[in-house]
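*Asks:* Residue numbers (UniProt numbering): 1 to 341.
Dropping a structure here in structure tokens format, bear with me for questions.
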């Protein structure tokens with residue numbers, strides 16, 4: 001196929017599909033224009049062979065008889081050339097028509113398809129629907145009615161062990177954020193169960209709205225019980241992040257003190273792996289332990305630094321045996337809260 005013929009064929013196809021018609025209309029438009037193509041090719045062929053027509057235009061030329069013969073032969077050759085060109089062009093036009101029709105059909109089909117939904121965005125929307133409503137503008141409990149001590153430390157530092165001793169001897173109410181979350185995820189009909197389960201499995205911090213709401217509910221239940229003096233709470237493993245601390249102070253109560261049990265990572269890892277043999281907890285495995293260590297260093301240590309600047313932190317070395325750690329805890333609490341703390 002000549003270059004001129006190819007250009008004309010492409011021009012016809014492009015003009016036919018400029019407005020993106022349906023596939024049937026596109027094929028019919030190309031079919032109607034196919035008869036015009038030989039004329040255009042004929043015109044271009046005559047322009048290319050102008051030398052033949054110029055030599056045959058003079059009947060009085062000495063070689064007029066030879067010219068007439070050549071002229072007649074050129075017409076015959078031209079006719080056979082046009083037929084051959086038409087035969088070669090038709091498959092090319094058919095391919096363009098079929099391909100363009102398929103493209104138009106694909107475009108129309110994509111336009112009719114609904115937009116794709118981002119899986120992460122959908123998951124975030126579902127989590128937002130599960131979260132409790134925003135906290136009130138003022139704390140639920142005043143410091144006169146509730147004494148709150150935050151107990152912080154890495155996973156396996158021994159926070160739960162020390163809290164149990166303080167509860168038994170001094171009558172504190174022990175609230176473990178981790179225990180509350182695990183109990184909530186197993187409670188039948190819990191609206192937060194799936195959300196809590198997925199975060200604990202991945203070693204991530206559960207959204208603060210859920211944790212603060214569970215702590216507030218537990219404190220309200222304890223305050224409703226009759227007692228000789230204001231309730232005192234040991235809140236274990238909370239706050240994990242600064243925004244949790246700010247929300248708790250705004251919605252629940254201001255803490256009176258922060259106990260921080262400091263322990264190296266290798267010691268905590270050995271304790272957790274040993275505990276995992278009997279605890280049955282899903283997060284007492286090597287993979288989850290490493291994630292929890294990383295989360296504590298990145299997010300919880302800034303909380304300790306925040307309260308340390310305010311002079312509220314009591315730091316205790318947690319590498320010793322539980323008895324020695326408890327003796328140090330008693331000593332430091334008496335220094336901060338008095339003998340009858």
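The beta-carbon is built from N, C-alpha and C at its ideal position, and this holds for glycine as well.
Since we're looking at a predicted model, the values are computed, not measured.
Three-state secondary structure (DSSP) at residue 34?
*Replies:* Looking up residue 34 in the chain shown gives position 34. With a pLDDT of 46 at residue 34, under the threshold of 50, the modelled position of that residue is not reliable, and the figure given next carries that caveat. In the structure shown, residue 34 sits in coil (DSSP, three-state: anything other than H, G, I, E or B).
*Asks:* Using CA atoms only, rank isn't needed, just tell me which of 298, 271, 258 and 291 is closest to residue 316.
*Replies:* Stepping through the chain shown from its first residue, residue 316 is reached at position 316. Answer by Cα proximity: 258.
*Asks:* Would a C-beta distance cut-off of 8 Å place residue 158 and residue 322 closer than the cut-off?
*Replies:* Here residue 158 is taken as the residue at index 158 of the chain shown, counted from 1. Here residue 322 is taken as the residue at index 322 of the chain shown, counted from 1. Against a cut-off of 8 Å, the Cβ pair of residue 322 and residue 158 comes out as a contact.
*Asks:* Determine the closest residue to residue 320 out of 267, 272, 289 and 293, with distance taken between C-alpha atoms.
*Replies:* The residue given as residue 320 occupies position 320 in the chain shown. Nearest C-alpha to residue 320: 267.
*Asks:* State buried or exposed for residue 195, treating a residue as buried only when at least 16 other CB atoms are found within 10 Å of its CB.
*Replies:* On the chain shown, residue 195 is found 195 positions in, with the first residue counted as 1. Looking at its Cβ environment, which holds 16 or more other Cβ atoms inside 10 Å, residue 195 is buried.
*Asks:* Can you look up residue 233 in the DSSP assignment and give me helix, strand or coil?
*Replies:* As a position in the chain shown, residue 233 is number 233, starting the count at 1. If DSSP states are grouped into helix, strand and coil, residue 233 belongs with the strands.
*Asks:* Whole alpha helix (DSSP H) runs in the stretch 235-269 with 4 or more residues, listed along the chain?
*Replies:* Here the runs fully enclosed are 242-251.
*Asks:* Going by the DSSP bridge assignment, what does residue 313 pair with across the sheet?
*Replies:* Position 313 of the chain shown, counted from the start, is the residue given in the question as residue 313. In DSSP, residue 313 forms a bridge with 258.
*Asks:* Count Cβ pairs between the stretch 176-195 and the stretch 295-303 that sit closer than 8 Å; are there 3 or more?
*Replies:* With the cut-off at 8 Å, the stretch 176-195 and the stretch 295-303 do not touch.
*Asks:* Taking all protein chains shown into account, do 16 or more other C-beta atoms lie within 10 angstroms of the C-beta of residue 240, making it buried, or fewer, making it exposed?
*Replies:* Here the question's residue 240 lines up with position 240 in the chain shown. Its Cβ being crowded by 16 or more others within 10 Å, residue 240 is buried.
*Asks:* Any Cβ of chain D within less than 8 Å of the Cβ of residue 316?
*Replies:* Considering every chain present, this structure includes no chain D. It has just one protein chain.
*Asks:* What does the Cβ neighbour count give for residue 62, buried or exposed, with the cut at 16 atoms within 10 Å?
*Replies:* Position 62 of the chain shown, counted from the start, is the residue given in the question as residue 62. For residue 62, the pLDDT reaches just 46, beneath the cut-off of 50, and the residue's location in the model is therefore unreliable, leaving the point undetermined.
*Asks:* Classify residue 174 as buried or exposed, calling it buried when 16 or more other Cβ atoms lie within 10 Å of its own Cβ.
*Replies:* As a position in the chain shown, residue 174 is number 174, starting the count at 1. Residue 174 is buried by the Cβ-count criterion.
*Asks:* Could you have a look at residue 154 and say whether DSSP puts it in helix, strand or coil?
*Replies:* To locate residue 154, count along the chain shown from 1; it is residue 154. The answer is coil: DSSP assigns residue 154 none of H, G, I, E or B.
*Asks:* Which residue from 272, 255 and 293 puts its Cα closest to that of residue 151?
*Replies:* In the chain shown, residue 151 corresponds to position 151, counting from 1. Looking at the Cα atoms, 255 is the closest of the given residues.
*Asks:* Reducing DSSP to helix, strand and coil, say where residue 127 ends up.
*Replies:* In the chain shown, the residue the question calls residue 127 occupies position 127. Per-residue confidence for residue 127 stands at a pLDDT of 46, beneath the threshold of 50, marking its modelled position as unreliable; no derived number is given.
*Asks:* Using DSSP's beta-bridge definition, name the partner residues of residue 148.
*Replies:* Indexing the chain shown from 1 puts residue 148 at position 148. Bridge partners of residue 148: 233.
*Asks:* Which same chain residues, not among the five before or five after residue 176, have their C-beta less than 7 Å away from its C-beta?
*Replies:* Taking the chain shown and counting its residues from 1, one reaches residue 176 at position 176. So the list reads 160, 236 and 237, once near-sequence residues are dropped.
*Asks:* What are the boundary residues of the alpha helix (DSSP H) that includes residue 211?
*Replies:* Your numbering for residue 211 matches position 211 in the chain shown. Note, residue 211: alpha helix (DSSP H), 208-223.
*Asks:* Roughly how many angstroms lie between the CA atoms of residue 95 and residue 101, to the nearest whole one?
*Replies:* Against the chain shown, residue 95 aligns to sequence position 95. Against the chain shown, residue 101 aligns to sequence position 101. If I take the Cα positions, the gap works out to 10 Å.
*Asks:* From the DSSP output, in three-state form, read off residue 288 for me.
*Replies:* Working through the chain shown from its first residue, we reach residue 288 at position 288. In this structure, residue 288 counts as helix in the three-state DSSP scheme.
*Asks:* Assuming residue 161 is part of the alpha helix (DSSP H), what are its boundary residues?
*Replies:* By one-based count along the chain shown, residue 161 stands at place 161. Residue 161 -> alpha helix (DSSP H) spans 159-170.
*Asks:* Would you mind reading off the limits of the beta strand (DSSP E) that contains residue 190?
*Replies:* Here residue 190 refers to the residue found at position 190 of the chain shown. Where residue 190 is concerned, there is no enclosing beta strand (DSSP E), given that its DSSP letter is neither H nor E.
*Asks:* With DSSP collapsed to three states, give me the class of residue 174.
*Replies:* Looking up residue 174 in the chain shown gives position 174. Residue 174: strand per DSSP, three-state reduction.
*Asks:* I'd like the list of long-range same chain contacts for residue 313, defined as Cβ closer than 7 Å, with 5 residues on each side in sequence excluded.
*Replies:* Taking the first residue of the chain shown as 1, we reach residue 313 at position 313. The answer, listed in chain order, is 258, 260, 304 and 307.
*Asks:* Is the CB-CB distance between residue 252 and residue 216 below 8 Å?
*Replies:* Position 252 of the chain shown, counted from the first residue, corresponds to residue 252. Position 216 of the chain shown, counted from the first residue, corresponds to residue 216. Going by C-beta atoms, residue 252 is nearer than 8 Å to residue 216.
*Asks:* Exposed or buried, residue 218, counting other C-beta atoms within 10 Å across all chains shown (16 or more means buried)?
*Replies:* In the chain shown, counting from the first residue as 1, residue 218 sits at position 218. Classification for residue 218: buried.
*Asks:* Going by C-alpha distance, which of 141, 163, 154 and 200 is nearest residue 269?
*Replies:* The residue you call residue 269 lines up with position 269 of the chain shown. Nearest C-alpha to residue 269: 154.
*Asks:* What is the DSSP secondary structure of residue 107, reduced to helix, strand or coil?
*Replies:* Position 107 of the chain shown, counted from the start, is the residue given in the question as residue 107. Reduced to three states, the DSSP call for residue 107 is helix.
*Asks:* Identify the continuous alpha helix (DSSP H) that holds residue 325 and give its terminal residues.
*Replies:* Looking up residue 325 in the chain shown gives position 325. Note, residue 325: alpha helix (DSSP H), 322-337.
*Asks:* Identify which residue in 325, 97, 89 and 292 has its Cα closest to the Cα of residue 199.
*Replies:* Residue mapping note: residue 199 aligns to position 199 of the chain shown, counting from 1. Checked all of 325, 97, 89 and 292; the closest Cα to residue 199 is 292.
*Asks:* Keeping to the same chain, check which residues put their C-beta closer than 6 Å to that of residue 172; ignore five residues upstream and five downstream.
*Replies:* Reading the chain shown from its first residue, position 172 is the one you call residue 172. Only 166, 232 and 234 meet the Cβ criterion.
*Asks:* Consult DSSP for residue 90 and reduce its assignment to one of helix, strand or coil.
*Replies:* Numbered from its first residue, the chain shown carries residue 90 at position 90. Residue state, collapsed to three classes: helix.
*Asks:* Just the Cα atoms here: how many angstroms apart are residue 334 and residue 248?
*Replies:* One-based indexing of the chain shown puts residue 334 at position 334. One-based indexing of the chain shown puts residue 248 at position 248. The alpha-carbon atoms of residue 334 and residue 248 are separated by roughly 25 Å.
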